[in-house]
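Below is one structure, written out as structure tokens; the observations come after it.
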Amino acid sequence: MGKQSFLHGAFILSASAFVTRILGFISLIFLSRLLGAEGIGLLMMAQPLIPLIITLTELGLPVAISKLVAEAEVRGDHAKTKRILVVSLLITGTLGITLTTISLLCSKYIAAFLLADQRAYYAMLAITPISPIIAMSAVLKGYFRGKQLMKTIGISDIFENIANIGAILILVNLLLPYGIEYAAAGAMAASVFSEITSLTFLSLRFRIDRARQPKVLTFRQALHRGRETLAELLAIGLPTTGQGFVHSLYGAVQPLLVTFSLSLAGVGASLAAEQFGQLAGYALPLLFLPSFITHSLSTALIPAISEANAQRNSLLMHRTMEQAMRIALFVGAPSTIILFEWAAPLTSLIYNSPEAGGLLKILAPFFFLQYFDGPLHAILLGLGRANAAMWNFTISMAIRTVGILIFGSRLGIEGVAFAIGIGFLVEMILNLFSVSKAIGFYIELRRSISTIVCMLFMAICGQLVFTYLQNSGMALLPSVLLSVAIALACYYLSLLGTRPPGRDTLSNF
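Start counting the sequence shown at 4; every next residue gets the next number (my numbering).
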């Protein structure tokens, strides 16, 4: 598996991410059918502690590894690459085992403090061992990203999701007769098994890759300059850790925050768990489903921007950034229209929960900006401006938290969704300003206006077709599929109609 270019690597990651998103969505459908909104709510309540432990375990090293390995590969410094990997694995392995042990020993106290519903305790206990496994996988993925061997990452993600579906089907069905809380714990245990599968593949692939490399350093020699290497890693990793810590802390308190704000609005505990499940388990996964392409772009962008920056190649840097933004627009514009216009039909078909459609419709317009925020954040990391990314994220989370308390207590779960959307908006604007300040950022006004016009045309055409098909008596599923297909055709054909003569299709997006 040879090194890939930015676009090639992004395409490989997008293709594998598409497969893994479909597989992940299949597992979510199984879970939603087996557990219902209440069971999904228990899962969402049990998860937040783990990202916090993973963040502390990783110390932001995977991002730093990706950047520093990319720069070392440009210079052909294989010794530094090995030092980076040895130090990273040693740190994450030690921290992961230590923090996981502490979490297991203090699990009852943590559950009493964090869990809004104590039935989620078993699920929290089942997922706790996953953190050191994910952390070590992340280090190896950072290494492969830095070397721009994206195919390895894609294959490992596919294996992970296949293993997850199989384990869910077995464990949830086995434990469901004992109660919904035990079934939720089975779903969490399935995640642990799938991560072990991914780590096993990455480890085998790493052994093959290292066998092809020159023998530059022994393990002891790699540790000889370990302090210097660790300082370089932490210079990038600590701000990333700070951002991850804020994100994990917010995730840990989000169930309590949402249920508290809903209680102020007069919503009972059981209904609050159900509504939180609709928001966090139904609406948000649908929103994030199309963003696998921009996530893949972001993954490929960090080493690509790092290489261009190390070479002081400003032209390559801006060309790479422009390619990423065009693809983000190519994906984000029609996805936003689909998720907004067909919100209730989609949640009805997939989850049998039309109520979640209202939350999806509130969030979809805000989430349009999220398609650009991922690449902008990756550009900041590639430039070594992790501090700016961290503070931008922290400010947006603070605004989101205050917004949930204010709008949730007055408007209920719809107000919570609106506050989350405001957080997306603030983060994207701040990251845009930071990139513009660092290297400049230019928006082509003509392309932006034509895209907005094409989006409106797509929305009108799609809604007219969907209404006609429903009035003619066609079933919901074929009505949605056919109207979405026609709407997409209208969007891309209208874009082609506004394309300047002599320009290729992608450059118009």
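Glycine included, C-beta positions come from ideal geometry on N, C-alpha and C. Just so you know, these numbers come straight off a predicted model, no measurement behind them.
Start-to-end residues for the alpha helix (DSSP H) that takes in residue i
| i | result |
| --- | --- |
| P306 | F295 to A313 |
| R210 | I183 to A214 |
| V589 | Nothing can be reported for residue 589: it is not among the residues displayed for the chain, which extend from 4 to 512. |
| A276 | A272 to F279 |
| Q373 | Q373 to G385 |
| K154 | M153 to L178 |
| L290 | L287 to F291 |
Proximal residues to residue i (C-beta, below 6 Å), its chain only, five neighbours per side dropped
| i | result |
| --- | --- |
| N355 | none |
| L236 | L64 and A67 |
| M458 | A336 and I340 |
| Q473 | S482 |
| A129 | A188, M191 and A192 |
| S264 | I407, L408, G411 and S412 |
| L178 | Y185, A186 and G189 |
| L62 | G240 and T244 |
| V261 | F279 and V419 |
| V468 | S486 and I489 |
Helix, strand or coil at residue i according to DSSP, with G and I counted as helix
| i | result |
| --- | --- |
| N1 | Since the first residue shown for the chain is 4 and the last is 512, residue 1 is missing from the structure and cannot be characterised. |
| T131 | coil |
| L88 | helix |
| L414 | helix |
| W345 | coil |
| Q246 | helix |
| M477 | coil |
| A392 | helix |
| N434 | helix |
| A268 | coil |
| K150 | coil |
| C493 | helix |
| G27 | helix |
| S251 | helix |
| L499 | helix |
| C457 | helix |
| C464 | helix |
| G44 | helix |
| G443 | coil |
| V429 | helix |
| R506 | Because R506 sits at a pLDDT of 46, beneath the cut-off of 50, its placement in the model cannot be relied upon, and the following sentence gives the value as read from the coordinates. R506: coil per DSSP, three-state reduction. |
Sequence-distant residues of its chain with Cβ nearer than 7 Å to residue i (five each side left out)
| i | result |
| --- | --- |
| L102 | I56, L59, T60 and S134 |
| V438 | L379, I382, L383 and F444 |
| L38 | I183, A186 and A187 |
| R403 | A422, I423, I425 and G426 |
| L282 | L362, I416, V419 and A420 |
| Q466 | E344 |
| L352 | L479, L480 and V483 |
| A391 | L383 and S437 |
Distance between beta carbons of residue j and residue i, contact taken as under 8 Å
| i | j | result |
| --- | --- | --- |
| A187 | L46 | 5 Å |
| P306 | S69 | 5 Å |
| S497 | F460 | 5 Å |
| F33 | I171 | 6 Å |
| T302 | V334 | About 15 Å; that fails the 8 Å criterion. |
| L300 | A331 | 7 Å |
| I442 | M320 | 7 Å |
Heavy atom of the ligand ZN within 6 Å of residue i beta-carbon
| i | result |
| --- | --- |
| I398 | Of ligands this structure carries none, so the ligand ZN is not represented either. |
Sequence-distant residues of its chain with Cβ nearer than 8 Å to residue i (five each side left out)
| i | result |
| --- | --- |
| V77 | E310, A313 and Q314 |
| E41 | I183, S273, A276, E277 and G280 |
| F295 | S17, A20, F21, T23 and R24 |
Review point. Taking contact to mean at least 3 C-beta pairs separated by less than 8 Å, is the segment 363 to 383 in contact with the segment 424 to 437?
Key: The segment 363 to 383 vs the segment 424 to 437: in contact.
> Does the segment 200 to 216 come within contact of the segment 136 to 145, defined as at least 3 CB pairs closer than 8 Å?
Replying inline: yes
Exercise. Three or more C-beta pairs closer than 8 Å, one from the segment 250 to 261 and one from the segment 18 to 26: is that the case here?
Worked result: With a cut-off of 8 Å, the segment 18 to 26 and the segment 250 to 261 do not count as touching, because too few Cβ pairs lie within range.
I want to know whether the segment 381 to 400 touches the segment 340 to 360 - three or more CB-CB distances under 8 Å. no
Under 8 Å: do the segment 151 to 167 and the segment 84 to 100 share three or more Cβ pairs, one atom per stretch? no
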